[in-house]
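**Student:** Before I ask anything, here is the structure I am working with.
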DNA sequence: CCCATAAATGACACCGGTTTCCTAATGGGG
DNA sequence: CCCCATTAGGAAACCGGTGTCATTTATGGG
């Protein structure tokens with residue numbers, strides 16, 4: 001180490017470690033490193049540009065040549081280097097997922113949907129959990145995008161509703177899609193989920209069952225989804241002649257504990273509601289616990305409805321009537337939208353896209369007693 | 371488009387879209403594309419190699435020169451291109467996470483731990499959910515590694531226990547770390563979690579409470595963790611003079627439904643167990659439902675213990691005594707191990723690493739009645 | 001039979017970093 | 001005062017692909 005070389009010897013180590021020996025063109029050929037486009041070109045007796053054409057499906061290649069080259073690629077197991085491709089294309093073929101949503105199932109479902117779309121287009125997904133309350137939040141996000149030069153980013157709520165974060169992405173020139181309950185941005189940058197529909201269905205369901213004394217546990221007002229669910233629920237009840245009195249509404253924090261607190265308030269009030277709609281399943285679980293603690297039988301004495309259709313909805317007993325958001329579709333749509341824009345390199349794709357939530361009736365909702 | 375150019379015009383589009391104007395060295399300087407190492411070199415009046423030296427913390431740079439260059443980097447917001455670096459280094463600075471575990475919370479926790487380690491080392495994480503039953507399972511995994519030339523892969527159970535998958539990774543020359551309840555591989559490739567400890571603690575807890583008629587719901591025998599939990603539980607009970615009779619053991623599938631089925635069998639048997647240990651929380655939730663259905667009061671008539679400390683453990687009522695696996699630490703350890711090996715480019719780091727599960731006592735476990 | 005035209009392919013520079021190898025300046029010892 | 005070791009920095013090749021443009025080879029019409 002006379003010069004720059006760092007203490008640690010940097011022995012090059014390829015992608016395929018094993019030594020390959022392949023019979024190509026009646027010649028045995030050996031290589032101790034992953035094959036490159038040059039190897040393919042040499043074996044096929046063509047220039048690397050022609051190999052490049054085959055890889056990129058250029059129509060200007062003789063059918064015979066294409067077959068030969070593909071055969072060689074197959075035989076020696078050549079895979080184009082993503083780094084080199086990325087460098088030349090100015091692309092990384094990487095999408096990012098930024099999330100701070102505490103609902104793990106939701107995140108995993110989104111990931112799955114995103115990856116379904118990615119796979120078809122040859123993209124991969126890089127994840128970035130974050131914390132809006134952290135002082136490094138914006139800087140971390142910026143580094144996240146820059147460090148691997150992401151082609152696009154998908155932002156999950158509630159982070160998706162943070163205008164500063166979006167500004168950072170825009171400044172970086174990074175394409176993004178935000179998931180939210182309302183359209184906060186140009187259509188091209190949004191995939192919205194309709195929470196109004198689910199909430200309205202719940203209102204109709206409760207009305208149809210005959211409930212009149214209905215309690216509502218709202219989500220934190222800074223969340224768009226909470227606002228949407230509340231508004232739609234209240235409006236639909238009103239359409240059915242039911243006025244939700246202010247004292248029958250409590251605002252929770254989308255957490256189990258806040259569900260307990262709100263439920264305690266609602267259930268010790270007179271007249272006691274015969275049904276409670278909690279804005280998410282976590283809080284609905286809190287209502288379950290509170291009801292059981294107070295000796296209130298579910299569903300006989302109290303109908304409960306949640307929102308999200310998270311795993312606990314079916315684990316609780318009786319199983320919880322709730323609203324299902326097709327999270328996987330949401331992820332898929334977002335990724336597709338992003339990929340189209342990246343691939344076409346246009347800012348088109350301005351059509352609005354979204355998914356609709358639907359109610360799932362289970363055992364926790366029945367007509368009121370008497 | 372006379373020649374190769376694809377129908378879609380491929381207008382180059384950089385990482386930073388906005389046009390920058392920065393005053394450097396008393397000269398105003400404008401650029402409409404992300405700055406490169408060449409820009410930095412030009413502005414600093416040095417060669418790009420010197421800039422490279424600064425970026426890579428080479429000790430052979432004059433302190434003054436270094437300061438100037440760092441200043442310029444700062445001012446124009448230069449970020450080295452990961453593709454170019456990767457191409458030259460033969461590295462991607464990308465780690466992969468392969469999982470088929472249905473427990474979303476577990477996955478999200480692992481991700482978080484992995485990312486904590488990645489952030490410190492400048493790596494990012496690419497995720498790959500998969501399905502061992504799919505015919506494309508192995509091929510998908512292979513493509514996953516090759517497509518972005520991952521530097522290393524972390525495999526989560528149960529996929530981590532698939533020998534074919536590991537063979538694929540090994541053939542690709544891709545470094546990997548497997549997470550499992552037992553060491554299935556060289557120490558360098560494993561991070562193990564000790565499920566025996568947790569299961570033993572549960573056995574001691576139940577024995578100490580005075581339970582003698584104990585039911586056990588095992589996990590699917592093909593899972594190493596299931597085997598470990600079972601063996602440790604049975605052995606520890608025996609140490610306390612309690613023999614787990616065969617008819618008190620049922621094998622479930624780690625699912626809620628199988629928990630119900632097994633619980634039904636156990637609870638309709640005479641003598642009825644006063645305590646049931648389910649090998650995971652999902653199945654424990656199934657036991658709750660069954661007990662409630664059969665009118666058996668928890669914990670008065672039946673003590674229940676689970677394993678995993680998943681979110682439902684605290685959502686159930688009464689809250690579930692269970693065993694916590696520090697999943698985040700698990701992820702962090704795996705990533706650290708991998709990163710050390712990648713960075714040192716040696717196959718060292720052969721020390722065995724792992725985490726230990728511990729029991730968490732909640733409301734569902736009490737002494738037997740009478 | 002020749003040339004215009006299109007199809008197929010190659011030469012070469014380039015993407016943005018890194019390595020290798022080389023030169024220039026500096027300072028201390030003989 | 002000269003020589004050599006040491007430090008600082010540069011030129012050019014390279015990593016593995018891509019774009020541009022020129023060149024070669026068939027084809028068909030006049």
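Residue numbers (this note's numbering), protein chains in the order written: chain A, 1 to 370; chain B, 371 to 740.
Glycine included, C-beta positions come from ideal geometry on N, C-alpha and C.
Which residues in the same chain as residue 158 (chain A) place their Cβ atom closer than 6 angstroms to its Cβ, once the five residues preceding and following it in sequence are excluded?
**Tutor:** The residues are 223.
**Student:** State the DSSP-derived secondary structure class of residue 427 (chain A), mapped to helix, strand or coil.
**Tutor:** In the structure as shown, chain A begins at 1 and stops at 370. Residue 427 (chain A) is therefore absent and cannot be evaluated.
**Student:** Just the Cα atoms here: how many angstroms apart are residue 654 (chain B) and residue 619 (chain B)?
**Tutor:** In a straight line, the C-alpha of residue 654 (chain B) is about 14 angstroms away from that of residue 619 (chain B).
**Student:** So, residue 568 (chain B) versus residue 728 (chain B), is the Cβ gap smaller than 8 angstroms?
**Tutor:** yes
**Student:** Please report the Cβ distance between residue 508 (chain B) and residue 466 (chain B), rounded to the nearest whole angstrom; I am assuming they are in contact, meaning their Cβ atoms lie under 8 angstroms.
**Tutor:** Actually they do not touch by this definition, with Cβ atoms about 15 angstroms apart.
**Student:** In terms of residue numbering, what span does the beta strand (DSSP E) encompassing residue 647 (chain B) cover?
**Tutor:** Counting along the chain, the beta strand (DSSP E) containing residue 647 (chain B) begins and ends at 645-648.
**Student:** Just to confirm the assignment, what range does the alpha helix (DSSP H) spanning residue 336 (chain A) have?
**Tutor:** 327-344 is the extent of the alpha helix (DSSP H) around residue 336 (chain A).
**Student:** Quick check on residue 655 (chain B): does DSSP put it in helix, strand or coil?
**Tutor:** helix
**Student:** Starting from residue 312 (chain A) and walking both ways along the alpha helix (DSSP H), at which residues does that stretch end?
**Tutor:** Residues 312-315.
**Student:** Determine the burial state of residue 475 (chain B): buried for a count of at least 16 other Cβ atoms within 10 Å of its Cβ, exposed for fewer.
**Tutor:** Classified as buried, residue 475 (chain B) has 16 or more neighbouring CB atoms from the shown chains inside 10 Å of its CB.
**Student:** Does any C-beta atom of chain A lie closer than 8 angstroms to the C-beta of residue 452 (chain B)?
**Tutor:** Interface residue (Cβ-Cβ distance to chain A less than 8 angstroms): residue 452 (chain B) is classified as such.
**Student:** So, are the CB atoms of residue 634 (chain B) and residue 660 (chain B) less than 8 angstroms apart?
**Tutor:** yes
**Student:** When you compare each of B:518, B:477, B:452 to residue 118 (chain A) by their alpha carbons, which one comes out closest?
**Tutor:** Selection B:518, B:477, B:452 evaluated against residue 118 (chain A) yields B:518 as nearest (Cα-Cα).
**Student:** With DSSP as the reference, label residue 194 (chain A) as helix, strand or coil.
**Tutor:** strand
**Student:** Smallest Cα separation from residue 71 (chain A): which of A:82, A:55, A:281?
**Tutor:** Relative to the Cα of residue 71 (chain A), the nearest Cα in the group A:82, A:55, A:281 belongs to A:55.
**Student:** Could you say which of A:279, A:280, A:40 lies nearest to residue 76 (chain A) if we only look at CA atoms?
**Tutor:** A:40
**Student:** Mind checking whether residue 549 (chain B) and residue 523 (chain B) have CB atoms under 8 angstroms apart?
**Tutor:** For residue 549 (chain B) and residue 523 (chain B), no; Cβs fall outside 8 angstroms.
**Student:** Which of the residues in the region 273-304 of chain A, read from start to end, lie with their CB under 7 angstroms from any CB of chain B?
**Tutor:** Using a CB distance below 7 angstroms, the part of the region 273-304 of chain A facing chain B consists of 285, 288, 289, 292, ordered along the chain.
**Student:** Quick check: what's the CA-CA separation for residue 323 (chain A) versus residue 103 (chain A)?
**Tutor:** 15 angstroms
**Student:** Can you give me the start and stop residues for the beta strand (DSSP E) that residue 180 (chain A) sits inside?
**Tutor:** From DSSP, the beta strand (DSSP E) with residue 180 (chain A) extends over 175-180.
**Student:** Output the residue ranges of the alpha helix (DSSP H) runs that lie fully inside the region 498-554 of chain B and measure 4 residues or longer, sorted by chain position.
**Tutor:** For the region 498-554 of chain B, whole alpha helix (DSSP H) runs of length 4 or above, ordered along the chain, are 507-517, 533-541.
**Student:** Can you pull the chain B residues whose beta carbon is under 9 angstroms from the beta carbon of residue 256 (chain A), in chain order?
**Tutor:** 681, 684, 685
**Student:** In terms of alpha-carbon separation, which member of B:512, B:484, B:404, B:436 lies closest to residue 417 (chain B)?
**Tutor:** B:436
**Student:** Using the beta-carbon of each residue, which ones in chain B are nearer than 7 angstroms to residue 112 (chain A)?
**Tutor:** 499
**Student:** Would you list, in chain order, the members of the region 132-147 of chain A that have their beta-carbon closer than 7 angstroms to a beta-carbon of chain B?
**Tutor:** 146, 147
**Student:** Can you tell which of A:35, A:317, A:182, A:254 has its C-alpha closest to the C-alpha of residue 297 (chain A)?
**Tutor:** Of the candidates A:35, A:317, A:182, A:254, the one whose C-alpha sits nearest the C-alpha of residue 297 (chain A) is A:317.
**Student:** Would you please state the rounded distance, in angstroms, between the beta carbons of residue 240 (chain A) and residue 207 (chain A)? I believe it to be under 8 angstroms.
**Tutor:** 4 angstroms
**Student:** Inspect the beta-carbon positions of residue 392 (chain A) and residue 328 (chain A) and report whether they are closer than 8 angstroms.
**Tutor:** In the structure displayed, chain A extends from 1 to 370; residue 392 (chain A) sits before or after that span and is not available.
**Student:** Report all residues from its chain with a CB closer than 8 angstroms to the CB of residue 516 (chain B); omit the five preceding and five following residues, and keep chain order.
**Tutor:** 542
**Student:** Just checking my contact of residue 306 (chain A) with residue 252 (chain A) at CB under 8 angstroms: how many whole Å lie between their CB atoms?
**Tutor:** Residue 306 (chain A) to residue 252 (chain A), Cβ: 12 angstroms. No contact.
**Student:** If residue 259 (chain A) and residue 214 (chain A) are in contact, beta carbons under 8 angstroms, what's the gap, nearest whole angstrom?
**Tutor:** That pair is no contact at about 16 angstroms.
**Student:** Can you confirm whether residue 589 (chain B), when its beta carbon is compared against all beta carbons of chain A, has any partner nearer than 8 angstroms?
**Tutor:** no
**Student:** Under 8 angstroms, do residue 626 (chain B) and residue 314 (chain A) count as touching if we go by C-beta distance?
**Tutor:** Yes, they are a contact pair.
**Student:** Determine the direct distance from the alpha carbon of residue 52 (chain A) to that of residue 60 (chain A), and round the result to whole angstroms.
**Tutor:** Residue 60 (chain A) and residue 52 (chain A): Cα-Cα distance of roughly 11 angstroms.
**Student:** Quick check on this structure: which residue in B:574, B:572, B:526, B:573 has the alpha carbon closest to the alpha carbon of residue 552 (chain B)?
**Tutor:** Looking at the Cα atoms, B:526 is the closest of the given residues.
**Student:** At least one CB of chain A closer than 8 angstroms to the CB of residue 734 (chain B): is that the case?
**Tutor:** no
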